[in-house]
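Comments concern the structure below.
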Amino acid sequence: MGGGTKEFDIATTGKKLVIQELENMSDPQTGRILTGSWVWDSSVLLSKWITNQHQNEFDLQGKTVLELGAGMGIPGMTAALLGASHVVLTDVKSLITGLRNNVDINSLGERVKVGELVWGSEESWSSLVGNIPWLAHKIDLVLMSDVFYDITSMPELGRTLKWIVKGDETRVWCATEIRPWTSQCLYELMKEGFNVIELTNSLNSPSLISSSSLMSDDDPDENQPSFAVFQIVPRII
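This is the structure:
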């Protein structure tokens, strides 16, 4: 799976994102396939959601945006095209070169930086902030797509979000395909001190997912995947 180049129109900007997927990427230590090496539908959903919110109630102009588990970086780079002044894309070490390549292809290097981040590691977070000083100031928006797949990683994600999110000054939006384990992942995140608010859901909605690029229209029935966008909010104690 993966490999090749895909293009995505970013509404209202008149611009396209060009994404170079990676092929046959795996973790050098575990041998596991790195799913972030290709485009997932939920990343496109989140890109569309960001664009819609920018037009309505969350102006991205001048904002600082951090993407966790960025994969190919579509949501974060969308934020940059919509006017965010500082965007940081993060993922595991093996995906960093591909992320930087996509930033360079789209000529976004002045406003978009890329860095490795290991969830749950304070040392990794401190190193990232040291290398990218933008993160030492207020982060306006955190983006995540399709990160709710490994229940055991949720405590680490929760710890990372606690270092990043400063009360209601930081919004956290995440898009995901709804799978059997999604609710358990969200429950584990709630145990870490967060509330989860569903903002929208979609069952193969053509207004949110680009059928021309990712979704097949051949069989639009109940077997098509369902998606949702959530907001993660720190619980006030």
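Plus 1 on top of the position in the sequence shown (first one is 1) and you've got this note's numbering.
Glycine included, each C-beta is placed from N, C-alpha and C at the ideal position.
Exercise for review: Work out the CA separation of Leu61 and Gln21 for me, nearest whole Å.
Suggested key: 25 Å
Review point. Who are Leu109's beta bridge partners in DSSP?
Key: Per DSSP, none; premise fails for Leu109.
**Study point:** Per DSSP, the bridge partner or partners of Ile198
**Key:** Gln232
Check your understanding: When burial is assigned at 16 or more other CB atoms within 10 Å of the CB, is Ile237 buried or exposed?
Key -> exposed
Review point. Which residues mark the beginning and the end of the alpha helix (DSSP H) in which Met145 is found?
Key: No alpha helix (DSSP H) contains Met145, which is instead part of the beta strand (DSSP E) from 142 to 146.
Review point. Which class does His87 belong to by DSSP, given the choice of helix, strand or coil?
Key: strand
Practice item. Look at the alpha carbon of Asn57 and the alpha carbon of Ile97, and state the distance between them as a whole number of angstroms. Key: 32 Å
Check your understanding: So, do the stretch 7 to 14 and the stretch 104 to 114 have three or more beta carbon pairs nearer to each other than 8 Å?
Key -> no
**Study point:** Per-residue burial, Thr177 [other beta carbons within 10 Å of its own, 16 or more giving buried]
**Key:** buried
Review point. Looking at C-alpha atoms only, which residue of Met145, Glu170, Val19 is the closest neighbour of Leu90?
Key: Met145
Exercise for review: Please report how far the alpha carbon of Lys114 lies from the alpha carbon of Ala229, in whole angstroms.
Suggested key: 27 Å
Review point. Around the Cβ of Lys192, are there at least 16 other Cβ atoms within 10 angstroms (buried) or fewer (exposed)?
Key: exposed
Point to revise | Proximal residues to Gln185 (C-beta, below 8 Å), its chain only, five neighbours per side dropped | key: Ile152
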